[in-house]
Each structure stands twice: as C-alpha cells, then as structure tokens.
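Written out below as structure tokens is the structure these notes cover.
Numbering (the working numbering), first residue to last: 22 to 410.
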C-alpha cells in the first residue's frame with residue numbers, strides 16, 4: 022500500500038465509527054481479508070460471503086497481531102488497545118478504500134475484460150509495461166478482487182492493470198465508476214456466462230459497459246480493438262462517436278495497426294510462435310503458451326502497451342519474458358517425452374474449441390489424451406453448446 026496511510030485515513034474514507042485506541046500514530050502497511058494468509062501488523066477486514074463470515078475469525082486475527090480491524094459488528098468484550106472501525110458493510114468499506122487509493126494514484130490505469138483470454142492478456146500486458154506495474158493477482162476481477170488489487174499499490178507503482186469480470190449487468194460499470202480506468206480492451210465476446218445473461222446479446226451489453234465508460238472518461242487513452250470479433254467492433258462503434266482512434270489488431274485484416282501475420286504451434290513442444298506486423302516493424306515472439314488463441318491475447322497486450330506509450334523497442338525486449346498464467350495454456354514436459362497441457366482453470370465453448378483446434382496441430386504421430394470437464398453457467402443453452410463443441 023502507499024506509505025503514509027493512517028488509521029484516521031481509513032476512518033475518513035469508510036465513514037467508520039472508531040472505537041478502541043484512536044491515537045494510533047503508525048502507518049498502515051497492508052490490508053487483508055483472508056485469515057489464512059494474514060500477517061502481523063496488517064489491518065483485517067471481516068468480509069461476509071455466501072459461505073463464510075470473516076467476523077468469525079476476528080479473535081484469531083487479533084491474537085496474530087492485527088494493527089486494526091474493520092467489521093460490521095464489534096465482538097464483545099473488545100480489547101480497546103486495538104482500533105475497531107465499525108461500518109455498515111465491510112465490502113463497501115473495502116471498495117471505499119480502493120476508490121480513495123485510486124484517487125491518490127497518478128499512474129496509468131488500464132482495464133481488460135472479455136469472455137475468454139482476459140487473465141492471460143492482463144498478465145502479458147503486465148510484463149510489457151515494465152517492472153513498476155501492478156496487475157490484478159490471479160483472477161481478482163470482481164468488485165472485491167479489484168478493491169484488493171488497489172490496496173496493493175506501492176509508492177513506486179507507475180502502471181495499474183485491472184481485470185474486470187462479471188456475472189450480471191452493471192458489475193463492470195460499477196467497477197469502472199469506482200476505479201476509473203483510462204483505457205482498455207474487450208478481448209472477445211463469446212458464450213461465457215450465457216446462462217446468467219439470457220443470451221449472447223446480454224453478454225454483449227454487459228461487456229460493452231467498459232467501452233461505454235472509456236468513451237466518456239478524461240483523460241482518455243483509448244482502446245485496443247479486436248477487429249476479428251464483430252461484437253467487439255460493434256461495441257466500439259456504438260460507444261465511441263468521437264474519440265481518439267483505437268489501436269487495432271487482427272489476424273485477418275492486414276490494415277490493422279497490429280497484424281498477426283503468422284502463428285503456429287510447435288508440433289513437439291506445443292509452444293506458440295508468431296509474427297506481428299506493426300508500425301514499429303515486425304515483432305517475432307516465441308512464447309511458452311499452448312493455443313493459437315494466445316496470439317490474439319498477445320496482440321491485445323501489445324496494443325494496450327502502445328496506448329500506455331511503451332516504445333516498440335521496450336515491447337520487443339520484454340516479449341521474451343512473457344509466461345503463461347496459472348492453468349491457462351501452461352506446458353509441462355514430463356518423463357517419457359510426455360507433454361502435459363494445463364488449461365484447467367475454466368472452460369467455455371469458444372475457449373474449448375480453440376484449445377481443441379490447437380491440439381490437432383500437435384505431432385499427428387503422437388497419441389493424444391483429452392480430459393475435458395463440463396462447461397457450466399450455460400443454463401438452457403448447455404446441451405446445444407456442448408453438442409456444438
């Protein structure tokens with residue numbers, strides 16, 4: 022967290038009722054809502070969820086050396102040597118803290134959403150932006166997760182990359198209003214969460230909320246635009262009437278700012294090789310990601326890096342540092358020449374088809390075994406989409 026943040030700052034930002042030691046003079050080093058990873062000296066926020074309640078762990082956390090506790094109800098009796106910040110909603114308090122830290126931040130803020138590829142694109146972009154970059158850890162992509170990400174900002178952070186997921190309408194808009202990205206990308210609009218949103222048009226509306234925000238925000242860095250996805254192009258046209266031009270990317274349109282001129286799967290290792298034609302010349306990349314779909318993810322990351330004013334030279338140097346996100350196209354080489362491809366994080370129809378198409382490109386003389394789980398959150402579309410795959 023930023024240095025110089027005090028307990029009194031947290032009280033002001035959250036509107037909390039403070040009890041206990043109110044004259045604490047130290048600074049807040051970090052905030053945690055996970056009792057399993059809590060470290061002495063942190064501020065603990067007791068979050069209520071559907072299947073858990075952080076308030077049950079307050080006594081344990083105090084015993085571990087909490088600097089302060091934020092919660093909806095103070096345990097009785099209470100040790101008044103420890104500040105307790107009582108709030109109507111612990112989640113709301115977390116969001117308020119994240120929003121305040123965003124206002125203090127003076128660096129560049131980019132957001133990534135999409136039906137597939139957003140985590141991989143986010144992590145690739147983090148590498149291309151350079152070492153003073155903070156990206157949403159793992160899949161911290163809902164209101165709570167992005168709030169946690171904001172609490173990780175350090176004094177030397179220069180770039181912030183936020184992953185934004187959604188399960189319904191208004192969620193991306195709410196994150197944008199609180200955390201104010203200046204530029205971003207919708208990687209694609211597919212079938213993920215189709216059961217919750219009533220169809221692909223619903224997914225389109227929910228994802229478009231990012232572009233709607235970026236079209237009116239100041240300062241505006243623009244968007245990375247996937248010309249190969251008609252719904253993403255439609256979202257851009259409907260959201261942006263007059264604005265800075267996007268940085269476009271495509272594997273089909275050679276007039277794109279970033280044109281994927283070649284992509285291939287190594288038949289033995291499974292790694293991806295690709296060439297990108299850009300205004301800065303041809304970029305060649307050999308990345309240890311399985312799946313030709315990662316070519317679009319990398320192109321999106323390059324486009325976003327350009328929006329953040331990263332030079333072509335720095336982008337080219339950093340391409341070799343890109344590694345797969347956990348369980349998203351990770352390649353492992355086992356004894357006996359076995360190649361294990363880990364795409365187990367999640368599944369939706371478009372992502373599964375892309376993975377299967379890439380498997381076909383592997384050495385045809387080698388035996389291939391597929392372990393494929395069911396795709397959930399498809400609701401009434403489930404049977405048809407499973408059959409289509």
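Idealized CB from N, CA, C, for every residue including glycine.
So residue 246 and residue 269 are in contact, right, with Cβ under 8 Å, and what is the actual spacing, rounded?
Taking the first residue of the chain shown as position 1, residue 246 is located at position 225. Taking the first residue of the chain shown as position 1, residue 269 is located at position 248. Contact flag correct, Cβ pair sits at about 5 Å.
Is it the case that the segment 249 to 260 contacts the segment 338 to 348, given that we only count it when at least three CB pairs across the two stretches are under 8 Å?
At 8 Å Cβ cutoff, the stretches do not touch.
Which value, in whole angstroms, describes the spacing of the CA atoms of residue 225 and residue 256?
Here residue 225 refers to the residue found at position 204 when the chain shown is read from its first residue. Here residue 256 refers to the residue found at position 235 when the chain shown is read from its first residue. So the alpha carbons of these two residues sit roughly 8 Å apart.
Taking only the alpha-carbon atoms, compute the straight-line gap between residue 274 and residue 298 and give it to the nearest angstrom.
Numbered from 1 along the chain shown, position 253 holds the residue referred to as residue 274. Numbered from 1 along the chain shown, position 277 holds the residue referred to as residue 298. Going by the C-alpha atoms only, they are around 11 Å apart.
Counting only runs of 3+ residues fully inside the segment 111 to 185, write out the beta strand (DSSP E) ranges in chain order.
Complete beta strand (DSSP E) runs here, min 3: 129 to 134, 154 to 156 and 180 to 184.
Hey, would you say residue 197 sits closer than 9 Å to residue 185, going by beta carbons?
For the purposes of this step, residue 197 is taken as residue 176 along the chain shown, with counting starting at 1. For the purposes of this step, residue 185 is taken as residue 164 along the chain shown, with counting starting at 1. Yes; because the gap between Cβ atoms is below 9 Å, this pair is in contact.
May I have the straight-line CA-CA distance separating residue 339 from residue 119, to the nearest angstrom?
The sequence position of residue 339 within the chain shown is 318, counting from 1. The sequence position of residue 119 within the chain shown is 98, counting from 1. Cα to Cα, the separation comes out at about 30 Å.
Could you pull the start and end residues of the alpha helix (DSSP H) that residue 230 belongs to?
Taking the first residue of the chain shown as position 1, residue 230 is located at position 209. Residues 221 to 235.
Using a 10 Å radius around the Cβ and a threshold of 16 neighbouring Cβ atoms, would you call residue 411 buried or exposed?
Past the edges of the chain, shown from 22 to 410, lies residue 411, and the structure says nothing about it.
Measuring straight from C-alpha to C-alpha, what distance separates residue 32 and residue 107?
For the purposes of this step, residue 32 is taken as residue 11 along the chain shown, with counting starting at 1. For the purposes of this step, residue 107 is taken as residue 86 along the chain shown, with counting starting at 1. So the alpha carbons of these two residues sit roughly 9 Å apart.
With DSSP collapsed to three states, give me the class of residue 107.
Translated into positions along the chain shown, residue 107 becomes position 86. The answer is strand: DSSP assigns residue 107 an E or B state.
With distances taken Cα to Cα, identify the nearest neighbour of residue 385 among 217, 291 and 90.
In the chain shown, the residue the question calls residue 385 occupies position 364. That would be 291, whose Cα lies nearest to the Cα of residue 385.
According to DSSP, what are the bridge partners of residue 411?
With the chain covering only 22 through 410, there is no way to say anything about residue 411.
At a cut of 8 Å, does the segment 122 to 134 reach the segment 97 to 106 through at least three beta carbon pairs?
Contact fails: fewer than three Cβ-Cβ distances are below 8 Å.
Leaving aside the five residues before and after residue 172 along the sequence, list all residues of the same chain whose C-beta is less than 6 Å from its C-beta, in chain order.
If you number the chain shown from 1, residue 172 lands on position 151. The answer, listed in chain order, is 22 and 52.
Measuring only the C-alpha atoms, how far is residue 81 from residue 90?
Taking the chain shown and counting its residues from 1, the one referred to as residue 81 is at position 60. Taking the chain shown and counting its residues from 1, the one referred to as residue 90 is at position 69. Roughly 12 Å separates the two Cα atoms.
Quick check: residue 302 and residue 333, are their CB atoms within less than 9 Å of each other?
Numbered from its first residue, the chain shown carries residue 302 at position 281. Numbered from its first residue, the chain shown carries residue 333 at position 312. Yes; because the gap between Cβ atoms is below 9 Å, this pair is in contact.
In chain order, what residues of the same chain have a beta carbon less than 6 Å from the beta carbon of residue 284, not counting five sequence neighbours either side?
For the purposes of this step, residue 284 is taken as the residue at position 263 of the chain shown. Result list for residue 284: 295, 313 and 316, in chain order.
Fully enclosed by the segment 286 to 346, which alpha helix (DSSP H) runs are 4 residues long or longer?
Here the runs fully enclosed are 315 to 328 and 333 to 339.
Cα separation between residue 193 and residue 228?
Translated into the one-based positions of the chain shown, residue 193 becomes position 172. Translated into the one-based positions of the chain shown, residue 228 becomes position 207. Each residue's alpha carbon lies about 7 Å from the other.
With a Cβ-Cβ cutoff of 9 Å, do residue 66 and residue 115 count as a contact?
Mapped onto the chain shown, residue 66 falls at position 45. Mapped onto the chain shown, residue 115 falls at position 94. Result yes, Cβ atoms of residue 66 and residue 115 sit closer than 9 Å.
How many angstroms separate the CA atom of residue 153 from the CA atom of residue 179?
Reading the chain shown from its first residue, position 132 is the one you call residue 153. Reading the chain shown from its first residue, position 158 is the one you call residue 179. About 5 Å.
If you check the beta carbons only, do residue 160 and residue 199 fall under 9 Å apart?
Mapped onto the chain shown, residue 160 falls at position 139. Mapped onto the chain shown, residue 199 falls at position 178. Not in contact: residue 160 and residue 199 (Cβ atoms no closer than 9 Å).
So what does residue 247 bridge to, in DSSP terms?
Here the question's residue 247 lines up with position 226 in the chain shown. Its beta-bridge partners are 270.
Does DSSP put residue 200 in a helix, in a strand, or in coil?
Working through the chain shown from its first residue, we reach residue 200 at position 179. Note: residue 200 maps to helix in three-state DSSP.
With 16 other CB atoms within 10 Å as the buried threshold, where does residue 355 fall?
Taking the first residue of the chain shown as 1, we reach residue 355 at position 334. Exposed, since its Cβ has fewer than 16 Cβ neighbours within 10 Å.
What would DSSP say about residue 217, mapped onto helix, strand or coil?
As a working note, residue 217 is residue 196 in the chain shown. Correct three-state label for residue 217: helix.
Am I right that residue 342 and residue 148 are in contact with their C-beta atoms under 8 Å? What's the rounded C-beta distance?
Within the chain shown, residue 342 is the residue found at index 321, counting from 1. Within the chain shown, residue 148 is the residue found at index 127, counting from 1. Residue 342 to residue 148, Cβ: 5 Å. Contact.
Per DSSP, which residues does residue 39 bridge with? Please list them.
Taking the chain shown and counting its residues from 1, one reaches residue 39 at position 18. According to DSSP, residue 39 bridges with 106.
Whole angstroms are fine: how far does the CA of residue 373 sit from the CA of residue 395?
On the chain shown, position 374 is the one that residue 395 refers to. On the chain shown, position 352 is the one that residue 373 refers to. The alpha-carbon atoms of residue 395 and residue 373 are separated by roughly 10 Å.
On the CB-based measure, 16 or more other CB atoms within 10 Å of its CB, does residue 73 come out buried or exposed?
Looking up residue 73 in the chain shown gives position 52. The residue is exposed, with fewer than 16 neighbouring Cβ atoms inside 10 Å.
Between the C-alpha atoms of residue 319 and residue 271, what's the straight-line distance to the nearest angstrom?
On the chain shown, residue 319 is found 298 positions in, with the first residue counted as 1. On the chain shown, residue 271 is found 250 positions in, with the first residue counted as 1. Cα to Cα, residue 319 sits roughly 11 Å from residue 271.
Buried or exposed: which applies to residue 209, given that a residue is buried once 16 or more other Cβ atoms fall within 10 Å of its Cβ?
By one-based count along the chain shown, residue 209 stands at place 188. With 16 or more Cβ atoms within 10 Å of its Cβ, residue 209 is classed as buried.
With DSSP collapsed to three states, give me the class of residue 379.
Position 358 of the chain shown, counting from 1, holds the residue named residue 379. DSSP places residue 379 in helix when its eight states are reduced to three.
Taking the alpha-carbon positions, what's the residue 259 to residue 248 distance?
For the purposes of this step, residue 259 is identified with residue 238 of the chain shown, where counting begins at 1. For the purposes of this step, residue 248 is identified with residue 227 of the chain shown, where counting begins at 1. The straight-line gap from Cα to Cα measures roughly 15 Å.
Mind checking whether residue 156 and residue 201 have CB atoms under 9 Å apart?
By one-based count along the chain shown, residue 156 stands at place 135. By one-based count along the chain shown, residue 201 stands at place 180. Cβ distance not < 9 Å, so residue 156 and residue 201 don't count as in contact.
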